[in-house]
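Undergrad: Take the sequence shown: its position 35, counted from the start at 1, is 35 in full-length UniProt numbering, and no numbers get skipped.
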Amino acid sequence: MIENALYRDPRILEAAAVGVPDHRLGELVTALVTLKPAYRGKAEVTETELMELARQYLPHFAIPVMILIQEGDFKHTPSEKVIKTELRKIAAAEWEKRKAMGSSKL
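1) What is the DSSP secondary structure of Glu14, reduced to helix, strand or coil?
2) Please determine, among Lys84, Ala100, Lys89, the residue with the shortest C-alpha to C-alpha distance to Ala15.
3) Considering only residues of the same chain and omitting the five flanking positions on each side of Ile12, which have a CB-CB separation below 6 Å?
4) Count the other CB atoms, across all protein chains shown, that sit within 10 Å of the CB of Pro78; report buried if there are 16 or more and exposed otherwise.
5) Which residue wins for smallest C-alpha separation from Glu3, given the options Ala17, Asp9, Pro10?
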């Protein structure tokens, strides 16, 4: 559901939803995306834009607390599934950093 909403942006190559730990709810949803090669390394795609897209197409409970734009490609299993364990670590580290800076949606 979350990934499908993000794929509505034609600049997105891949999207993955993962959880980050939350002391109150147990886990919060986040998303990570990679861009098509033509858009990589450019400031043309912002987290704010992608959050607006998510708000437009997702029910309130499914809107990610953050969407991270990753450089490069996601790693995949031999069967071409995204390996989410690494993405969870990346998202959790960024979430903790944002909480410490007070810029997270709590």
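Cβ atoms here follow ideal geometry from the backbone N, Cα and C, with glycine treated the same way. From a predicted model like this one, the values you see are computed outputs, not experimental measurements.
TA: Reading it off the structure:
1) Within the sequence shown, residue 14 is the residue found at index 14, counting from 1. Three-state DSSP puts Glu14 in a strand.
2) In the sequence shown, the residue the question calls residue 15 occupies position 15. It is Lys84.
3) Walking along the sequence shown from the start, residue 12 turns up at place 12. If we look at Ile12 and ignore the five residues flanking it on each side, its Cβ neighbours are Leu6, Val33.
4) Locating residue 78 in the sequence shown gives position 78, counting from the first residue. Answer is exposed; the Cβ neighbour count stays below 16.
5) As a first step, residue 3 is located in the sequence shown; it is residue number 3 there, counting from the start. If we check each option's Cα against that of Glu3, Ala17 comes out closest.
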